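Down below is the structure, laid out as structure tokens.
Residue numbers (the numbering used here): 2 to 198.
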């Protein structure tokens with residue numbers, strides 16, 4: 002009996018969660034679930050020609066994994082310097098993640114189905130502002146620089162060329178649909194979203 006009480010009084014040591022700091026373009030280890038503490042990540046796969054297909058973009062507070070995907074391969078790739086911690090999700094967290102993954106993929110798919118390149122890119126910027134920026138009644142403020150979303154990365158997400166993205170970003174600025182509010186921050190006014198381009 003004394004041995005049993007002695008064993009019960011010894012604190013159990015739980016394994017410490019793996020915490021990683023990764024650089025842009027690094028890929029997280031497969032099959033694990035991660036909570037993002039800092040930075041931005043995208044999940045990607047490829048088509049038959051080797052073109053990247055973005056399945057989702059994730060930011061601080063989000064869970065991310067490729068463990069539940071039916072596609073192979075699916076990379077969990079860092080857009081920026083990222084701090085993640087391995088996480089064992091509850092059933093409710095797994096369900097919430099799967100719902101968010103479906104919503105992310107559907108929204109990106111819907112954007113990519115817009116025929117007009119000008120409208121497609123503006124819709125992607127609005128989605129980024131809504132998902133990761135500051136939203137107000139006046140519009141959406143966000144930073145492509147903080148997310149390391151270069152013109153090439155934006156082109157990959159929405160199926161355009163880098164040249165088309167650059168040309169349209171400059172056009173949006175000229176038309177006032179995209180405004181620079183600081184060195185890193187951009188703003189899309191709400192009334193600009195309804196404007197035809």
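Built from N, CA and C at the ideal position, the CB exists for glycine as well.
All of these numbers come straight from a predicted model, not from anything done at the bench.
Provide the residue span of the alpha helix (DSSP H) that contains residue i, from first to last.
| i | result |
| --- | --- |
| residue 187 | Note, residue 187: premise wrong, no alpha helix (DSSP H); beta strand (DSSP E) at 187 to 190. |
| residue 137 | Premise fails: residue 137 lies in the beta strand (DSSP E), 135 to 137, not in any alpha helix (DSSP H). |
| residue 96 | 92 to 113 |
| residue 176 | 163 to 176 |
With distances taken from CA atoms, which of the options is nearest residue i?
| i | options | result |
| --- | --- | --- |
| residue 64 | 19, 28, 106 and 85 | 85 |
| residue 185 | 146, 155 and 166 | 146 |
| residue 165 | 130, 153, 175 and 174 | 153 |
| residue 44 | 157, 118, 117 and 187 | 157 |
| residue 32 | 76, 192 and 20 | 76 |
| residue 58 | 123, 161 and 106 | 106 |
| residue 82 | 22, 162 and 143 | 22 |
With DSSP collapsed to three states, give me the class of residue i.
| i | result |
| --- | --- |
| residue 152 | helix |
| residue 84 | strand |
| residue 75 | coil |
| residue 60 | coil |
| residue 182 | coil |
| residue 17 | coil |
| residue 130 | helix |
Compute the beta-carbon to beta-carbon distance between residue i and residue j, rounded to the nearest angstrom, for a pair I have assumed lies under 8 Å.
| i | j | result |
| --- | --- | --- |
| residue 37 | residue 61 | 5 Å |
| residue 72 | residue 46 | 5 Å |
Starting from residue i, follow the beta strand (DSSP E) in both directions and report where the run begins and ends.
| i | result |
| --- | --- |
| residue 46 | 42 to 47 |
| residue 23 | 20 to 23 |
| residue 38 | 35 to 39 |
| residue 32 | Unbroken run through residue 32: none, as it is neither H nor E. |
| residue 51 | Looking at the DSSP string, residue 51 is not in any beta strand (DSSP E), and its letter there is neither H nor E. |
| residue 160 | Residue 160 -> no beta strand (DSSP E), and no H or E assigned at all. |
| residue 116 | First-last for residue 116: undefined, no H or E at that position. |
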